[in-house]
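Let me begin by presenting the structure, written as structure tokens, before commenting on it.
2 protein chains.
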Amino acid sequence: MRISQLSERAGLPIGTVKFYLRTGLLPAGRQINATQADYTDSHLERLRLIRALIEVGRLSVAEIQDVMVAIDGALPIGEGLAKVHQVTSLKGRDASDIEVASAHELVSSLGWSIEPDSPHLTSLARAIAALDSIGLPPSSARLKVYAEAASHVARNDVDWVLGAPEERQVELALVSAVLWESLLSSLRRLASENQIVRRSTGVPAPRGTIPSA
Amino acid sequence: MRISQLSERAGLPIGTVKFYLRTGLLPAGRQINATQADYTDSHLERLRLIRALIEVGRLSVAEIQDVMVAIDGALPIGEGLAKVHQVTSLKGRDASDIEVASAHELVSSLGWSIEPDSPHLTSLARAIAALDSIGLPPSSARLKVYAEAASHVARNDVDWVLGAPEERQVELALVSAVLWESLLSSLRRLASENQIVRRSTGVPAPRGTIPSA
Chain A
137 MRISQLSERA
147 GLPIGTVKFY
157 LRTGLLPAGR
167 QINATQADYT
177 DSHLERLRLI
187 RALIEVGRLS
197 VAEIQDVMVA
207 IDGALPIGEG
217 LAKVHQVTSL
227 KGRDASDIEV
237 ASAHELVSSL
247 GWSIEPDSPH
257 LTSLARAIAA
267 LDSIGLPPSS
277 ARLKVYAEAA
287 SHVARNDVDW
297 VLGAPEERQV
307 ELALVSAVLW
317 ESLLSSLRRL
327 ASENQIVRRS
337 TGVPAPRGTI
347 PSA
Chain C
137 MRISQLSERA
147 GLPIGTVKFY
157 LRTGLLPAGR
167 QINATQADYT
177 DSHLERLRLI
187 RALIEVGRLS
197 VAEIQDVMVA
207 IDGALPIGEG
217 LAKVHQVTSL
227 KGRDASDIEV
237 ASAHELVSSL
247 GWSIEPDSPH
257 LTSLARAIAA
267 LDSIGLPPSS
277 ARLKVYAEAA
287 SHVARNDVDW
297 VLGAPEERQV
307 ELALVSAVLW
317 ESLLSSLRRL
327 ASENQIVRRS
337 TGVPAPRGTI
347 PSA
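Those protein sequence lines, which keep their order, are chains A and C. Be aware that the first sequence starts at 137, since it is given in this note's numbering, and climbs by one per residue. Be aware that the second sequence starts at 137, since it is given in this note's numbering, and climbs by one per residue.
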């Protein structure tokens, strides 16, 4: 298809599509003459992924550039997954070495194997330090509940990613980290709303079963 | 204490403290003469909460202004909690009526009582639409796992909030929605990292037990 049709099917202005081409987010089409190129459905899919990452995941163009290199298979799978982890880590001020070490100790006490320089230890340390600073340090009972919930979804995520053909794993890891993240946040807020409604009306929530962690 | 000591103890420049006073995020101190005011530990706690909301939760000054009115008890508790929900809802493009109705149907099928105009239905609809658009629509099995995890933490959150004295409930709901949200995101990323390490090294993760949902 021509760029005009691509732009129409993606629901995006041609200028935006050209911008993604210029910045390399979208691979070039097959040149058919001096001024025209041909685009395929895979270009359309890529455009939709870019929009989803921007609109739902709030990723920057630079971050998407960074991760698209990994999706396009230019890196070995392990490095590709590490790149996804790095790009999608929660940004913010640095945490102190002591705070990071204590976050590492916490996840180790859960039996988790985590590299001491994982970027996610910094964001965990930052959240704990913030709670400490306002006089509401996290109790271990509550941390345990959160860790259980996190394990429950992570096991499912990793099944999904590693169950896919290797050339799609980096993309699925990115989709899990960004779009399923947003889905989890929305469901968590809705679950709270449900709990508050039920308790204020005295209707008990139905009790389902969370399978063993 | 004087403003200089308040600024020092909070680790913030005086200019920042004055900005929070001007914008009403921080209540005025008790005026002791024409040019000086006295501040208490509650001002320090408030400053730390503001910093945590900005640094970890990425809330804007306008959003914090909005929610501080509720924290300070100017609204009945129900409206205060609704304000927290509104301010902390995930922002983004609108979802179509059909997308929102289908998200409402989904949460109803989980047995959750949700108002059809909840802002979180819009963010859930947006995440699902994004997954649909890239050809990776969420399976019901996976949505169920996510909903179980969301319920697990939400039940704990609501116990914590409603177990506090009424005058602190709005603040705790805000802290749950913002800081514990960040903590959950970090733990989820770490749990994925742990799963990937374990599977690539063949070491099975220890199996704990998630209590009944």
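Glycine residues also receive a C-beta, built at the ideal position from the N, C-alpha and C atoms.
Taking the beta carbon of residue i as the centre, do at least 16 other beta carbons fall within 10 Å, making it buried, or is it exposed?
i	result
Ile234 (chain A)	exposed
Lys154 (chain C)	exposed
Asn169 (chain C)	exposed
Arg158 (chain A)	exposed
Gln305 (chain A)	buried
Gly151 (chain C)	exposed
Ser312 (chain C)	buried
Asp293 (chain C)	buried
Gly299 (chain C)	exposed
Ser143 (chain A)	buried
Glu241 (chain A)	exposed
Thr345 (chain C)	At Thr345 (chain C), the pLDDT of 48 sits below 50, so the modelled position is not reliable and the matter cannot be decided from this model.
Ala265 (chain A)	buried
Arg138 (chain A)	exposed
Ser269 (chain C)	buried
Ala210 (chain A)	exposed
Hey, does residue i have any beta-carbon neighbour from chain C nearer than 8 Å?
i	result
Gly299 (chain A)	no
Glu235 (chain A)	no
Gln172 (chain A)	no
Tyr282 (chain A)	yes
Ser322 (chain A)	yes
Ile250 (chain A)	yes
Glu317 (chain A)	yes
Ile287 (chain A)	According to the sequence as given, residue 287 (chain A) is Ser; it is not Ile. Yes, Ser287 (chain A) counts as interfacial toward chain C.
Ala290 (chain A)	yes
Glu144 (chain A)	no
Ala231 (chain A)	no
Leu226 (chain A)	yes
Glu303 (chain A)	no
Ala210 (chain A)	no
Arg335 (chain A)	yes
Val311 (chain A)	yes
Val203 (chain A)	no
Val223 (chain A)	no
Arg278 (chain A)	yes
Val153 (chain A)	no
Under 8 Å by Cβ, that's how I've got residue i and residue j pegged, so tell me the actual separation to the nearest angstrom.
i	j	result
Ile250 (chain C)	Glu329 (chain A)	6 Å
Leu228 (chain A)	Glu191 (chain C)	Here residue 228 (chain A) turns out to be Gly, not Leu, going by the sequence shown. Their Cβ separation, rounded to whole angstroms, is 6 Å, which keeps Gly228 (chain A) and Glu191 (chain C) in contact under 8 Å.
Val297 (chain A)	Leu308 (chain A)	5 Å
Val223 (chain C)	Leu257 (chain C)	Contact flag wrong, Cβ pair sits at about 17 Å.
Val220 (chain C)	Ala206 (chain C)	7 Å
Gly165 (chain A)	Tyr175 (chain A)	4 Å
Gly193 (chain C)	Ser318 (chain C)	7 Å
Does residue i get closer than 8 Å to chain A when you measure Cβ to Cβ?
i	result
Pro274 (chain C)	yes
Gly344 (chain C)	Any reading at Gly344 (chain C) must be qualified, since the residue scores a pLDDT of 49, below 50, and its modelled position is unreliable; the value itself is stated next. True, the Cβ-Cβ gap to chain A drops below 8 Å.
Asp293 (chain C)	yes
Ile207 (chain C)	no
Asn330 (chain C)	yes
His256 (chain C)	yes
His179 (chain C)	no
Ala266 (chain C)	yes
Ile270 (chain C)	yes
Val162 (chain C)	Checking the sequence, you will find Leu at residue 162 (chain C) rather than Val. No, Leu162 (chain C) does not count as interfacial toward chain A.
Leu185 (chain C)	yes
Ala129 (chain C)	Residue 129 (chain C) lies beyond the range of chain C shown here (137 to 349); nothing can be said about it.
Ala198 (chain C)	no
Leu157 (chain C)	no
Met137 (chain C)	no
Leu217 (chain C)	yes
Val306 (chain C)	no
Which residue wins for smallest C-alpha separation from residue i, given the options the options?
i	options	result
Arg104 (chain A)	C:Leu326, C:Leu320, C:Thr176	Outside the shown range of chain A, which is 137 to 349, sits residue 104 (chain A), and nothing can be said about it.
Arg187 (chain A)	A:Leu161, A:Asp202, A:Asp208, A:Ala210	A:Leu161
Asp295 (chain C)	A:Ile332, A:Ala300, A:Glu303	A:Ile332
Tyr282 (chain A)	C:Ala286, C:Ala239, C:Gln167	C:Ala286
Ser225 (chain C)	C:Arg335, C:Glu181, C:Ala277, C:Ser259	C:Ser259
Ala277 (chain C)	A:Ser196, A:His288, A:Arg278	A:His288
Ala239 (chain C)	C:Asp177, C:Ala261, C:Leu142, C:Ser254	C:Ala261
Glu303 (chain C)	C:Pro274, C:Met204, C:Arg138	C:Met204
Ala146 (chain C)	C:Lys280, C:Leu183, C:Ser178	C:Leu183
Arg334 (chain A)	C:His179, C:Arg334, C:Ala290, C:Glu284	C:Ala290
Ala231 (chain A)	A:Ser336, A:Gly209, A:Pro255	A:Pro255
Lys280 (chain C)	C:Trp248, C:Ser336, C:Ser269	C:Trp248
Would the C-beta of residue i count as close to the ligand COA, meaning under 7 Å from any of its heavy atoms?
i	result
Asp174 (chain A)	The model on display carries no ligand, and the ligand COA is accordingly not part of it.
Could you work out which residues of chain D lie near residue i, taking near to mean beta carbons separated by less than 8 Å?
i	result
Val192 (chain A)	Here chain D cannot be found, since the structure's protein chains are A and C.
With a floor of 4 residues, list each alpha helix (DSSP H) that falls wholly inside the stretch 224-277 of chain A, ordered by position along the chain.
-> With a minimum length of 4 residues, the continuous alpha helix (DSSP H) runs that stay inside the stretch 224-277 of chain A are 233-245, 255-269.
**Item:** Continuous alpha helix (DSSP H) assignments of at least 4 residues falling wholly in the stretch 174-217 of chain C
**Value:** 177-191, 197-207
Next on the checklist: Threshold first: 4 residues or longer. Then list the alpha helix (DSSP H) segments lying entirely within the stretch 139-170 of chain C, N to C.
Outcome noted: Those alpha helix (DSSP H) runs which fall completely within the stretch 139-170 of chain C and span 4+ residues are 139-146, 150-158.
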